[in-house]
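**Student:** Chains as they are written, first to last, in the working numbering: chain A, 1 to 240; chain B, 241 to 531; chain C, 532 to 1173. Positions of the beta carbon are idealized from the N, C-alpha and C atoms, including for glycine. Take a look at the following structure, please.
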Amino acid sequence: MLSIKNLEAGYGKVQVLHGISMEVPKGKVVTLIGSNGAGKTTTMRAISGMIKPTAGQISLHGKRIDGLESYTIAKQGLAHSPEGRRVFATMTVTDNLILGAFPRLTGSRPKGDVAGDLERAMELFPRLKERRNQLAGTLSGGEQQMLAMARAVMLNPEIVLLDEPSMGLAPILVEEVFRIISDLKGQGVTMLLVEQFAAAALKVADYGYVLENGRISVHGQADQLRDDPAVRAAYLGGGH
Amino acid sequence: MEILLQLIYSGVALGMIYAVIAFGYQLTFQTSDTLNFGQGDALMLGAMVGLTLVNMGVNYWLMLPLVIVFGLLQGGIVERIGVRPAIKIKSEFGWIMSTIALGIIFKNVAENIWGRDDLKFPSPLPEAPLKFLGANVLPMEILVVVGAVLMMLAVEFFNRKTIYGKAVVATFNDRDAAKLMGINTGLVITFSYALSSATAAFAGALIAPLTLTGATMGSVLGLKAFAVAIIGGLTSGLGIIVGGIILGVAETTTGFYLSTGYKDVPGLVLLLLVLAFKPAGLFGKNAIKKV
Amino acid sequence: MNRKTLIAAILGLALLAAAPLLTGNSYYIHMIGTIMIYAILLYGLDIVVGYTGQVSLGHAGLFGVGSYTAGVLFMKLGAPLWVIIPASIAVTAGFGALLALPALRVTGPYLAMVTLAFGTIIQILINEMTFLTEGPLGITIPKPSIFGEKLTEHGFYWLTFALMVLSLVVVDRILKSQLGRAFEALRGSPVASDCMGVSVYRYKVYAFVISAGFAGLAGCLYAYSEQYISPNTYNFELTVLFLLAVIMGGRKTRSGALLGAAIIVILPKLLDDLELFRIVASGLAVLMLVGGAIGVARKITTPRAMAIPVVGTLALAGFAFWLQSITDWRLSIFGLMILFVVYYLQNGIVGFVRALFHVRKPIARHGQAEAGKDAISVAAGAQDAEKGGNLLTAQGILMQFGGLKAINQVDLHIRRGTIHGLIGPNGSGKSTMMNVLTGIYVPTAGSIEFAGRPVVGRTSSDIALSGIARTFQNVQLFGEMTALQNVQVGLHHTFGSTILDVSLHTPRYRREEASAVQRGMGLLSFVGLADLADEEARNLPYGKQRLLEIARALALDPQLLLLDEPAAGLTAPDIKELIAIIKKIRDHGITVILIEHHMDVVMGLCDTVSVLDFGQKIAEGKPAEVQANEKVIEAYLGGTAA
């Protein structure tokens, strides 16, 4: 469904990605792992249009999306839960979720049952249900992360990009987040998951790519990657 | 005592006008980190266009929505010509100078179309003052306050209840995240400028019967409204109402007890004082900058 | 500047001086005199607008203060010239300070509005305080006398000329000195500026006050030149004209100021004469059409880009022929000119011409300056202190943003003379910690003590000057300045010279500047950048930029150096170089805190490593211990590994 070929991108003078290629098939969960500074978030941003790639192609359902504005890409059905949560702090939890469905409410995507989806999102994320009228800025880090994920799902998207959902979360919340990702996988949602926590990511994913210094160093079925010593070395250094 | 009360009433009406213009500054600044230096001239154009319509025989109450539409267009033009190109080349200096330039052009055009003299705007309401708590208040002044409050409430309603309004607030919260939601933030910015000019134009049509209407009426108003926005805090809606009232009353009392020449001074001095001691405004919160 | 430019400048000035002799016409002499007077003000305004990048809408007001100081002193006290000139400068500078102190706490549009408010207040006060200023009636002033002799028209012209040249030299010297570098730095990166000990607020105020002084001088001369002053001259229109002059002439150049002054003096006269305007407008339209056609043919530009200027000038020409009188439309013409300059002539005419002829900005070349032997000196007393003692102690640091605890009860003890690593996953609070230590954030709770003094609550520039220097995760160099100049900003603290020393090029200033060049070159050699000293920082390759940041930080003579991800984005050979440099820094006795993700770098360099996770410290110890620590492995790789 999502196809990336020889993507190069960076910030000003700094080139971060030196030509990476990936595939995310429909209905599968693909994870992109790597240590900090490897370029994972840059990849996500290039896909969703927050930054423009300097070279390469990105296609969604065969249609090119590289170089487009992020609001156009969102209307094509690509939802991005960004690094650092980025919830709308002065708006309530409910309003944040409603905004996730903005293209559906304004005619850019099939409307479907927004109210129903809203209730289903609350069921999936019980913590949000308790706080539906609370201002998003007053939520804790973990709750904000859940809100960002739920907001992305509200688009009724073709594919969801999850950028470091576990960042800054206490272990018990990380478990909850990955349980939710697992549930979504069970519902057939296509996901591209970027994570620092390689172990948890590889448990829930079908396929994995390891990013090192802006290049894919190794990729394969997730359960095979779990035992690969190269993955551990990529993170903690020494011995490779 | 009676005179003081009267001054307070006039001050409140005046203050509400400042608040409405300041509201316009808030709108654009929150969504785009820019504001329209020609905001005062938008008000002036609203008053002048309103006057022309009324002189052509259009009923005052019908004229008001027409002026609002005019304001929307004018604001859109300012954004397209003055602000959007400057944001593209990331020049802060650019949009400051270009909105100033557009304001100058609008004012000059108005001078040439309507002349340099002040004109009388026929009042839609009876001019006889009413008695309230023992002092005089003009019906028009009451209309101004009511109109201003209604306008701000309407915008608040829009922001809270409609999906498009929520999109605007989202843009103000986090522009990048808003884009990820499918919100065309460029359009939002254009819209906030249009709305900002529309509120100013509406304010102009409201206040015109109370003061002299002329091509120069906008400049100082725009500046004082900015003072109100600063005094109240650029992020607080309540702040600008309070700030506006404080300023309005300070002005009417200074004008009466000191001299009319000095009446513009308290606002400006207040502005400098607030900046010196509490830059975020009386109601504002200090922003934390991230590195 | 180079020889050709110098000769051209001298010729130009000579011509200007000879003007009264070349034309006997009183009108033209007065006009050129006014241009020079405006130029004096614009030199000063350029410092604020062109160098520190702040928009001031109040300079007409300051101009008015200068004029009225002269007028009032003459009218009430009959003061002579040699009293009036310094008084005008001083009083206006005082008003400038009065405005700048509150106003410069804010930036951008706020500042613009505030200065506008100030200008308006001044105009009102001049108008109302009739007991002092005669209000709308104005004040009449005859030409001044020197040594009892009243100056003739020519004599006054030469006085103005002399003062204009003097102003030019003084402004030039200021801008080439450490003050000028400070002004450019605060524009290039305010955060970096503060962290290098150049307080952004303080220097913005200096810039403003200096420009007010020049405005005062100009105002005083203007009063004598016009021989009659009244309040409505010093209005919004004038202040907009001044800004137009600076940006149209070209910012950051003296010739731009002169050109701009000429434009705004001649333009209104041009705009009074409809016939002349029609000719000029038509000529402009033809020029644009031809130029656009050539440009498209030569593929320098596209039809689309040329569309607006061509259509615009044609419309203007058409409009000129339709008009009956041009005077009424003057302001609109100014407005259109401003729009044009803002979008198409960002560097002004002078900048445009320079770009056209590929003239490079004159930079003093330092290439082979003698590099000081021991470029790195450590702050006095540091080397005597016992090695191993605590240099910095942070206790119970809590940093909360709304509901988020970015740093949650962290203690940090940094021992003198060591390299202390700070690692942790993304979002663990490392950079936040850096910002807290350098005063960019004020912690919600906790205390920090550095070299015996508390850190919390002090400004970034104060902390920097007391011995803590840093580099930034996102490179914060002063892009438009050269590598050497960047380092010299770090050396700002070595300058004791005042503005007087700078203007007069006293021995003290010359000594300090020479020593700054020498030390600067030495620091650049230390990081291996000596041969790139005169390159603009923004043109350097990324790896070299990071090294430059380190050199700049070292210029502060710090006891503690904070490096924020110095290896990020570097290639393997660059990293090797970096490690060697950091080791050398430690060997000179400077303590280092290193945030890094490249584990090899951290493990190879650090004596101690602290690990943060979710804002809390989860481990601390020698690198090898930390690397094998279960909790650390879990924090990085996450969850139950397999």
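Is the Cβ of Leu267/B closer than 8 angstroms to any Cβ of chain A?
**Tutor:** The beta carbon of Leu267/B does not come within 8 angstroms of any beta carbon belonging to chain A, so the residue lies off that interface.
**Student:** Could you work out which residue in Pro956/C, Asn878/C, Tyr641/C and Leu1054/C is closest to Glu1165/C when comparing CA atoms only?
**Tutor:** Nearest option by C-alpha distance: Pro956/C.
**Student:** Please list the partners that Gln14/A has in chain C, where partner means a Cβ-to-Cβ separation under 9 angstroms.
**Tutor:** Note on identity: in this sequence residue 14/A is Val, with Gln being the wrong assignment. The answer, in chain order, is Val1006, Tyr1073, Ala1099 and Gly1100.
**Student:** Please confirm if the stretch 55–64 of chain A is in contact with the stretch 251–267 of chain B, defined as three or more CB-CB distances below 8 angstroms between the two stretches.
**Tutor:** When C-beta atoms of the stretch 55–64 of chain A are compared with those of the stretch 251–267 of chain B, fewer than three pairs fall below 8 angstroms, so the two segments do not count as touching.
**Student:** Would a check of beta-carbon distances place Thr138/A closer than 8 angstroms to chain C?
**Tutor:** yes
**Student:** Count the other CB atoms, across all protein chains shown, that sit within 10 Å of the CB of Asn556/C; report buried if there are 16 or more and exposed otherwise.
**Tutor:** exposed
**Student:** With C-beta atoms as the reference, is Tyr209/A less than 8 angstroms away from Gln221/A?
**Tutor:** no
**Student:** Where does Ala913/C land, buried or exposed, given buried means 16+ other C-beta within 10 angstroms?
**Tutor:** In this predicted model, Ala913/C has a pLDDT of only 46, less than 50, meaning its place in the structure is not dependable; the value taken from the coordinates is given anyway. Classification for Ala913/C: buried.
**Student:** Which residue wins for smallest C-alpha separation from Gly286/B, given the options Asn299/B, Val309/B and Asp273/B?
**Tutor:** When the alpha-carbon of Gly286/B is set against those of Asn299/B, Val309/B and Asp273/B, the nearest one is in Val309/B.
**Student:** Taking Val1132/C as the reference, which of Gly1120/C, Ile1149/C, Gly666/C and Ala1155/C has the closest Cα?
**Tutor:** Ala1155/C
**Student:** On the CB-based measure, 16 or more other CB atoms within 10 Å of its CB, does Ile4/A come out buried or exposed?
**Tutor:** buried
**Student:** Using a Cβ-Cβ distance cut-off of 8 angstroms, determine whether Asn939/C contacts chain B.
**Tutor:** no
**Student:** Using a Cβ cut-off of 8 angstroms (strictly closer), state whether Asn376/B contacts chain A.
**Tutor:** Asn376/B does not count as touching chain A.
**Student:** Beta-carbon of Ala230/A versus every beta-carbon of chain C: anything under 8 angstroms?
**Tutor:** Not an interface residue.
**Student:** Answer with yes or no whether the minimum CB distance from Glu243/A to chain B is below 8 angstroms.
**Tutor:** Residue numbering for chain A in the displayed model covers 1 to 240; residue 243/A lies beyond these limits and cannot be assessed.
**Student:** What are the residues that DSSP puts in a beta bridge with Gln931/C?
**Tutor:** Lys936/C
**Student:** Could you work out which residue in Leu820/C, Arg1077/C and Ala937/C is closest to Gln1147/C when comparing CA atoms only?
**Tutor:** The shortest Cα separation from Gln1147/C among Leu820/C, Arg1077/C and Ala937/C belongs to Ala937/C.
**Student:** Comparing the C-beta of Met235/B with each C-beta of chain C, is any distance below 8 angstroms?
**Tutor:** Here chain B covers residues 241 to 531 and nothing more, so residue 235/B does not appear.
**Student:** Is it buried or exposed for Val941/C, if we count other Cβ within 10 angstroms and need 16 for buried?
**Tutor:** buried
**Student:** In chain order, what residues of the same chain lie with their CB nearer than 6 angstroms to the CB of Met22/A, ignoring the 5 residues before and after it?
**Tutor:** Here the set comprises Ile4 and Tyr209.
**Student:** Going along chain A, which residues have a C-beta under 7 angstroms from Phe692/C?
**Tutor:** Going along chain A, no residue has its Cβ under 7 angstroms from Phe692/C, so there is no contact; the nearest lies around 47 angstroms.
**Student:** How do the stretch 181–188 of chain A and the stretch 85–100 of chain A stand: do at least 3 beta-carbon pairs fall below 8 angstroms, yes or no?
**Tutor:** no
**Student:** Would DSSP call Met91/A helix, strand or coil?
**Tutor:** coil
**Student:** Closer than 9 angstroms, Cβ to any Cβ of chain C: which residues of the stretch 508–520 of chain B, in chain order?
**Tutor:** Result list: Leu508, Val509, Leu511, Leu512, Leu513, Val514, Leu515, Ala516, Phe517 and Pro519.
**Student:** With three or more beta-carbon pairs closer than 8 angstroms as the criterion, would you say the stretch 1066–1086 of chain C touches the stretch 1017–1027 of chain C?
**Tutor:** yes
**Student:** DSSP three-state call for Thr492/B: helix, strand or coil?
**Tutor:** helix
**Student:** Would you mind stating whether Ser437/B and Val318/B have Cβ atoms separated by less than 8 angstroms?
**Tutor:** yes
**Student:** Short check: CB of Leu573/C to CB of Val777/C, under 8 angstroms?
**Tutor:** Cβ atoms of Leu573/C and Val777/C: closer than 8 angstroms.
**Student:** Cβ closer than 7 angstroms: which chain C residues qualify as neighbours of Gln224/A?
**Tutor:** The contacting residues do not exist; Gln224/A stays about 12 angstroms from chain C at best.
**Student:** Could you name the residues of chain C that Glu100/A contacts, counting a contact when the two beta carbons are closer than 7 angstroms?
**Tutor:** Here residue 100/A turns out to be Gly, not Glu, going by the sequence shown. Within chain C, no residue comes near Gly100/A; the closest Cβ sits about 21 angstroms away, beyond 7 angstroms.
**Student:** Taking a contact to mean a Cβ-Cβ separation below 8 angstroms, would you say Gly879/C touches Gly1010/C in this structure?
**Tutor:** no
**Student:** Which of the residues in the stretch 1133–1153 of chain C, read from start to end, lie with their CB under 7 angstroms from any CB of chain A?
**Tutor:** Met1134 and Phe1145
**Student:** Secondary structure at Ala910/C, three-state DSSP: helix, strand or coil?
**Tutor:** Unreliable placement is indicated for Ala910/C, whose pLDDT of 41 sits below 50; the coordinate value is still reported in the next sentence. Three-state DSSP puts Ala910/C in coil, outside helix and strand.
**Student:** I believe Gly564/C touches Thr691/C by the beta-carbon criterion, under 8 angstroms. Please report the beta-carbon distance rounded to the nearest angstrom.
**Tutor:** 5 angstroms
**Student:** If you measure from the beta carbon of His61/A to each beta carbon in chain B, is any gap under 8 angstroms?
**Tutor:** Output row for His61/A: interface = no.
**Student:** In three-state DSSP terms, what is Val796/C?
**Tutor:** helix
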